[in-house]
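Asker: First to last, the sequence lines map onto chains B and R.
Read in the working numbering, the first sequence has 956 at position 955, and its numbers run on one by one without any break.
Read in the working numbering, the second sequence has 53 at position 50, and its numbers run on one by one without any break.
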Amino acid sequence: MTVAGAPLRNRLTGGLIDRDQTLNFQFDGKTFQGHAGDTLASALMANGVQLMGRSFKYHRPRGLLSAGSEEPNALVELRRDGRQEPNTRATVAELYDGLEAQSQNRWPSLRHDMMAINDRFSTFLTAGFYYKTFMWPKAFWEKLYEPIIRKAAGLGSLTGQDDPDAYDKGFLHCDLLVIGAGPAGLSAALTAGRAGAQVILADEDFRFGGRLLSETQALSDLSGADWTAQVLAELDSLPNVRTMMRTTVFGAYDHGIYGAVERNADHLVAPAAGKPRQTLWRIYSKRAVVAAGAIERPIAFENNDRPGVMLAGAVRAYANRWAATPAASVVVFANNDDAHQTARDLRAKGVAVPAVVDVRPDAPRIDGIEVLAGARIVNTRGRLGLGSVTVQLANGQTREIACGGLAMSGGWNPNLGLTCHQRGRPVWNEDIHAFVPGGNLPAGQYVAGAAAGELSTAAALRSGAAQAIAALADLGMAAAAPELPEAEDAAVAITPFWQVAGEKRAWLDFQNDVTVKDVKLAHQENFTAVEHLKRYTTLGMATDQGKTSNVGALAVMAELTGKSIAQTGTTIFRPPYTPVSMGALAGRAVGQAFHPTRLTPSHTWAEEQGAVFVEVGNWLRAQWFPKPGETHWRQSVDREVTQTRKSVGVCDVTTLGKIDVQGTDAAAFLNMIYANGFAGLPVGKVRYGVMLREDGVAYDDGTAARLAEDHFVVTTTTANAALVYQNMEFVRQCLCPEMDVQLISTTEAWAQYAVAGPNARKLLQKIVDPDYDLSNEAFPFMACGEVTVCGGCPARLFRISFSGELAYEIAVPTRYGDALMRELMDAGQAFDVRPYGTEALGVMRIEKGHAAGNELNGTTSAANLGLGRMLSSKKDYIGHVLSQRPGLAAEDGLRLVGLKPVTPVQSLPAGGHLMAAGGPVDAAHDQGYVTSAAYSPTLGTAIALGFVKRGAERMGEQLRLVNPLERQELLVEIVSSHFVDPEGEKLRA
Amino acid sequence: MIINHPLLGPRDAQEFTYLGDAELLNRPYWLSETALQQFHEYLYLRDNPAGTHRELWFHEQGDRSWLVVTRDTGTHEIQNVELARDVALARRAARTAGETRG
Numbered sequence: 002m003t004v005a006g007a008p009l010r011n012r013l014t015g016g017l018i019d020r021d022q023t024l025n026f027q028f029d030g031k032t033f034q035g036h037a038g039d040t041l042a043s044a045l046m047a048n049g050v051q052l053m054g055r056s057f058k059y060h061r062p063r064g065l066l067s068a069g070s071e072e073p074n075a076l077v078e079l080r081r082d083g084r085q086e087p088n089t090r091a092t093v094a095e096l097y098d099g100l101e102a103q104s105q106n107r108w109p110s111l112r113h114d115m116m117a118i119n120d121r122f123s124t125f126l127t128a129g130f131y132y133k134t135f136m137w138p139k140a141f142w143e144k145l146y147e148p149i150i151r152k153a154a155g156l157g158s159l160t161g162q163d164d165p166d167a168y169d170k171g172f173l174h175c176d177l178l179v180i181g182a183g184p185a186g187l188s189a190a191l192t193a194g195r196a197g198a199q200v201i202l203a204d205e206d207f208r209f210g211g212r213l214l215s216e217t218q219a220l221s222d223l224s225g226a227d228w229t230a231q232v233l234a235e236l237d238s239l240p241n242v243r244t245m246m247r248t249t250v251f252g253a254y255d256h257g258i259y260g261a262v263e264r265n266a267d268h269l270v271a272p273a274a275g276k277p278r279q280t281l282w283r284i285y286s287k288r289a290v291v292a293a294g295a296i297e298r299p300i301a302f303e304n305n306d307r308p309g310v311m312l313a314g315a316v317r318a319y320a321n322r323w324a325a326t327p328a329a330s331v332v333v334f335a336n337n338d339d340a341h342q343t344a345r346d347l348r349a350k351g352v353a354v355p356a357v358v359d360v361r362p363d364a365p366r367i368d369g370i371e372v373l374a375g376a377r378i379v380n381t382r383g384r385l386g387l388g389s390v391t392v393q394l395a396n397g398q399t400r401e402i403a404c405g406g407l408a409m410s411g412g413w414n415p416n417l418g419l420t421c422h423q424r425g426r427p428v429w430n431e432d433i434h435a436f437v438p439g440g441n442l443p444a445g446q447y448v449a450g451a452a453a454g455e456l457s458t459a460a461a462l463r464s465g466a467a468q469a470i471a472a473l474a475d476l477g478m479a480a481a482a483p484e485l486p487e488a489e490d491a492a493v494a495i496t497p498f499w500q501v502a503g504e505k506r507a508w509l510d511f512q513n514d515v516t517v518k519d520v521k522l523a524h525q526e527n528f529t530a531v532e533h534l535k536r537y538t539t540l541g542m543a544t545d546q547g548k549t550s551n552v553g554a555l556a557v558m559a560e561l562t563g564k565s566i567a568q569t570g571t572t573i574f575r576p577p578y579t580p581v582s583m584g585a586l587a588g589r590a591v592g593q594a595f596h597p598t599r600l601t602p603s604h605t606w607a608e609e610q611g612a613v614f615v616e617v618g619n620w621l622r623a624q625w626f627p628k629p630g631e632t633h634w635r636q637s638v639d640r641e642v643t644q645t646r647k648s649v650g651v652c653d654v655t656t657l658g659k660i661d662v663q664g665t666d667a668a669a670f671l672n673m674i675y676a677n678g679f680a681g682l683p684v685g686k687v688r689y690g691v692m693l694r695e696d697g698v699a700y701d702d703g704t705a706a707r708l709a710e711d712h713f714v715v716t717t718t719t720a721n722a723a724l725v726y727q728n729m730e731f732v733r734q735c736l737c738p739e740m741d742v743q744l745i746s747t748t749e750a751w752a753q754y755a756v757a758g759p760n761a762r763k764l765l766q767k768i769v770d771p772d773y774d775l776s777n778e779a780f781p782f783m784a785c786g787e788v789t790v791c792g793g794c795p796a797r798l799f800r801i802s803f804s805g806e807l808a809y810e811i812a813v814p815t816r817y818g819d820a821l822m823r824e825l826m827d828a829g830q831a832f833d834v835r836p837y838g839t840e841a842l843g844v845m846r847i848e849k850g851h852a853a854g855n856e857l858n859g860t861t862s863a864a865n866l867g868l869g870r871m872l873s874s875k876k877d878y879i880g881h882v883l884s885q886r887p888g889l890a891a892e893d894g895l896r897l898v899g900l901k902p903v904t905p906v907q908s909l910p911a912g913g914h915l916m917a918a919g920g921p922v923d924a925a926h927d928q929g930y931v932t933s934a935a936y937s938p939t940l941g942t943a944i945a946l947g948f949v950k951r952g953a954e955r956m957g958e959q960l961r962l963v964n965p966l967e968r969q970e971l972l973v974e975i976v977s978s979h980f981v982d983p984e985g986e987k988l989r990a
Numbered sequence: 004m005i006i007n008h009p010l011l012g013p014r015d016a017q018e019f020t021y022l023g024d025a026e027l028l029n030r031p032y033w034l035s036e037t038a039l040q041q042f043h044e045y046l047y048l049r050d051n052p053a054g055t056h057r058e059l060w061f062h063e064q065g066d067r068s069w070l071v072v073t074r075d076t077g078t079h080e081i082q083n084v085e086l087a088r089d090v091a092l093a094r095r096a097a098r099t100a101g102e103t104r105g
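(1) Rounded to whole angstroms, how far is the Cβ of Val501/B from the Cβ of Ala301/B, which I believe are closer than 8 Å?
(2) Per the contact definition of three or more C-beta pairs closer than 8 Å, is the segment 318-333 of chain B in contact with the segment 56-74 of chain B?
(3) Less than 7 Å separating the beta-carbons of Asn414/B and Ile566/B?
(4) Name the residues in the segment 43-63 of chain R whose C-beta lies less than 9 Å from a C-beta of chain B; which are they?
(5) For a contact defined as C-beta to C-beta under 9 Å, what are the partners of Glu80/R on chain B?
(6) Which runs of the alpha helix (DSSP H) at least 4 residues long sit entirely within the segment 59-121 of chain B? Give them in chain order.
(7) Excluding sequence positions up to five away, which residues of its chain have a Cβ less than 8 Å from the Cβ of Thr3/B?
(8) Check whether the segment 812-822 of chain B touches the segment 619-637 of chain B, taking contact to mean three or more Cβ pairs, one atom from each stretch, closer than 8 Å.
(9) Can you tell which of Thr458/B, Thr160/B and Trp108/B has its C-alpha closest to the C-alpha of Gly83/B?
(10) Against chain B, does Leu11/R count as a neighbour if the rule is that its beta carbon must be under 7 Å from one of theirs?
(11) State the CB to CB distance for the pair Gly445/B and Ser286/B, rounded to an integer number of angstroms; the pair is presumed to be in contact (CB under 8 Å).
(12) May I ask you to report which of helix, strand or coil DSSP gives Glu608/B?
(13) Decide if Phe574/B is buried, meaning its Cβ has at least 16 other Cβ atoms within 10 Å, or exposed.
(14) From the beta carbon of Arg88/R, is the nearest beta carbon of chain B less than 7 Å away?
(15) In the structure shown, what three-state DSSP assignment does Ser330/B receive?
(16) Just curious, the beta strand (DSSP E) that Asn964/B is in, first and last residue?
(17) Pick helix, strand or coil for Val316/B, following the three-state DSSP scheme.
(18) In whole angstroms, give me the CA-to-CA distance for Gly584/B and His596/B.
(19) Identify, in the order they occur along the chain, each residue of the same chain with its Cβ nearer than 7 Å to the Cβ of Gln393/B, setting aside the five sequence neighbours on each side.
(20) If you draw a straight line from the alpha carbon of Glu806/B to that of Ala990/B, how long is it in whole angstroms?
(21) Return yes when the Cβ of Ala469/B is within less than 7 Å of the Cβ of Val581/B, no when it is not.
(22) Under the rule that 16 or more other beta-carbon atoms within 10 Å means buried, what is Glu216/B, buried or exposed?
(23) Take the Cβ of Asn337/B as the centre, count every other Cβ of all protein chains shown within 10 Å, and call the residue buried at 16 or more, exposed below.
(24) Exposed or buried, what is Glu205/B when buried is set at 16 or more other beta-carbons lying within 10 Å of its beta-carbon?
(25) Does the distance from the CB of Gln624/B to the CB of Val617/B come in under 7 Å?
(26) Looking at chain B, is there any beta carbon in it that lies within less than 7 Å of the beta carbon of Glu18/R?
(27) Please say whether Leu233/B and Arg307/B have beta carbons closer to each other than 7 Å?
(28) Beta-carbon of Tyr21/R versus every beta-carbon of chain B: anything under 7 Å?
(29) Do Asp701/B and Asn677/B count as a contact pair if the criterion is CB distance below 7 Å?
(30) So that I know if they touch, is there some Cβ in chain R lying closer than 7 Å to that of Asp1/B?
(31) Quick one: what's got a C-beta closer than 8 Å to Phe26/B's C-beta in the same chain, skipping five residues either side?
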């Protein structure tokens, strides 16, 4: 525990932190202090904490490698309970008062991790070990290996609690999206902003400036931070520029669309009331400038993964921006001039730099610091942190140098991710020894600054302005380069150097523990292609996606194969650039809001009746209406069926799809979409119709009512309402464009109720206004018409029956739906009317033998359904020609039948298969299958519908209904599917 | 992707559902002697070009227009967008003209 106010061990002077604001935070239960402007990483470093995590495979002690979003090592669990977030990079976690973080992938503690034993067995855990090790014995996989691997896999953990915070989604449009607010991005945004373009400037950091915040060189007479502040002030004064901090542009998609996550409240203990934690932005840009900077690469040498070994540019950033150093004494190891600046900056801050180890024999000198030219670091020592490095000097002698930190640099890689998201391939640049964007950028994208290989500050400033001018010129907008400050403009001085040869492990990928030895093994076993190398060794996988490791590893592979790096190539970059939380992707579509819930107009009424609801697509439908004393759903359903068949019941059928078809060619159009004929249907009549897919398979059924010569109402099943409508529009626009016909979905416009049972007419006569004659003669079975109800309310009446009873469906405009249901219940008291739900509806349609979704299951033809005779041979319709294929129209094919147990039973297994009474039970002897089953209170036994080979000819035959999964078997008899009223006398009564 | 709807201007592809090859506009004549073979080809056989492709999109979250979109399947560049109904009518007109001449 640090004492408040006491100087921190590794805190330096200066920096861009606010020392007046002290922030308390916890890491692994210990309390520390930092300042506003710190990251969790910089604050821990200032406090002298070097050990921050454990590597994935060997559980090696790990500290910070970088100072940015490329960090592979310092991953922590941030926050707690429902807000706990695993694998958060400490390097980009903005410090706030009350921050809580836990280290991960260790047990019982970070310092004493039992799994570190893996490191001793590293010989057995080489590349591809899991492909080789867990193969034998086979039986061990499920019970032993997989559970162990699952437990060991993954780094952080989730609490399993619900995230209490909201996440938003938003849409933005701009002329120019500038990604990255370093020197190139700022210069591009300023150029475009002054030209009057609509500009969005986004940066993942919580402070604009990029690398300018971490360097000491001036821009003319201003510091990098001050110049940034000046530019930002101007940008913020321009109404056409939107600046977005804490916003990571993570993906480049088609047609200039970019995905971005803005972390609105990750830097707070909790989001303010009503505010989101993060916002997922979809940015529609006309042009974009990627100014995403560059990422430094490490050098592979023995034990280069020890805490304290860091990237040189990161060490410089911690010293200059965050006033922190990894140790009081830091050695530099490099192959380029840029890293020498780290040595100079550290010394200026009072940090000892015992030596700069530079692999180049001609390395430049640095005043006052020993440069060991032509030397290399061959090993490191220390427990849980760096204690010393072993240097092999140019003359072959070795020297041990004590130090707590090592700043290494193998050069800089332009940050290419967004330039390659549309499968663009980068090209190798021999001047800077790095991949730079190729010519195949996403449409409308430009690249500026270090991301384009322009590594000096002055070059970045120039290229930012130039790319913005080029992008705007492409849009026909004129822009001029702003006056740019004088800035550091050093040429890149680098000699490629990737690894120090040695026998022991030298790390390439720190997160996944991929070493030079693993790449050698992959090469030996012929996994030499970069994509194979990645999969075989796990190189570049997981949270950092190899931002610091990929190029180094493929350079080693190139050395092994004797190919150039350009020939070796890179793996494909894919979005997201950095991890995106599931919460941001889900946005508000969670819980009840996951999808819209559609309620029928009588929903409130049904709730009042205590209805049990079932989800049907997005709809909620009443499934049954329990009465007091009923303890089992079957009691309610049996009662609803019995009462409907005895007197009268009412069911809400609003959810069925309704499509209005109007026009002089309406009848011809229906002839095209239905397999049976509709042209001859008289006005005032309804007809049942079946629709086929073009391949001849039946896919939906329903009724079409002819309200006028040129006006039909088509109904569809609830499930297929949207699909049928889409298909009808396809026929109308694409296949029959000359027809005069218009369609509109009216599903939501009408509330519709089925009124069924012997007393249905008597009940409706009390509802429908007396001007309308509902007698059987005036309004027979399959009649339809426009009527008025309850003293003038417009309504449509259809005499159709799904239950097999005397039945009607009555529709009123949606706003009268609730009132009509209540009126029906009031008026029906004399007949003891009962509402019935979808379950009773289903029982009655099975009793009557009507096909539904279970029978129209996407494999059955009209012939299978017993509707073969309905198919018209006199007209073209969708599915006509292909329904004639021998396989679909076969005489010995499946036919829909009823199935009745020989001895009454309470239930039958839907999905069960039918076998000959004496024959074997196997697929070769399959006779058919059960599609729908229900208990019929009318017949006092469970009954079923199903398909049986040549079923129509086999009435009375007994078959075995088998359900081998549950060892069920019983004898059933093939009967007509019309269990109830086979002659249709009731519905015509 | 952004689809430049002929009536509504640029719209996000999320508003649309995709069907496939615009050859589906060329439904064979049902009474042709080789109708079965022609319908088989119409329904099941598709070119799968890496490059320019004419395809049907439905503006389901919009005005319910079926569109013929000419798109490069390699780059996703959209070269042309037409109302499918216009394309279908133009084909008929061309066929009729051909028959008249022939």
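Where is the CB? At the ideal position from N, CA and C, for every residue including glycine.
Answerer: Quick look at the numbers:
(1) 7 Å
(2) yes
(3) no
(4) His43, Tyr45, Leu46, Tyr47, Leu59, Phe61 and Glu63
(5) Asp255, His256 and Ala444
(6) Within the segment 59-121 of chain B, the alpha helix (DSSP H) runs of at least 4 residues that lie entirely inside it are, in chain order, 118-121.
(7) Because the pLDDT of Thr3/B is 44, which lies under 50, any placement of that residue in the model is unreliable, and the question is left without a value.
(8) no
(9) The shortest Cα separation from Gly83/B among Thr458/B, Thr160/B and Trp108/B belongs to Thr160/B.
(10) The C-beta of Leu11/R comes no closer than 7 Å to any C-beta of chain B.
(11) About 7 Å separates the Cβ atoms of Gly445/B and Ser286/B, confirming a contact at the 8 Å cut-off.
(12) helix
(13) buried
(14) yes
(15) strand
(16) Gln959 to Asn964
(17) helix
(18) So the two alpha carbons sit approximately 16 Å from each other.
(19) Ala376, Arg377, Val379 and Thr399
(20) Put simply, the backbone Cα of Glu806/B is about 9 Å away from that of Ala990/B.
(21) no
(22) With 16 or more neighbouring CB atoms inside 10 Å of its own CB, Glu216/B falls in the buried class.
(23) Around the beta carbon of Asn337/B, 16 or more other beta carbons sit within 10 angstroms, so the residue counts as buried.
(24) buried
(25) no
(26) no
(27) no
(28) no
(29) no
(30) With chain B covering only 2 through 990, there is no way to say anything about residue 1/B.
(31) Thr32, Phe33, Gln34, Gly35, Leu41, Ala44, Leu96, Tyr97, Asp98, Gly99, Leu100, Glu101 and Ala102
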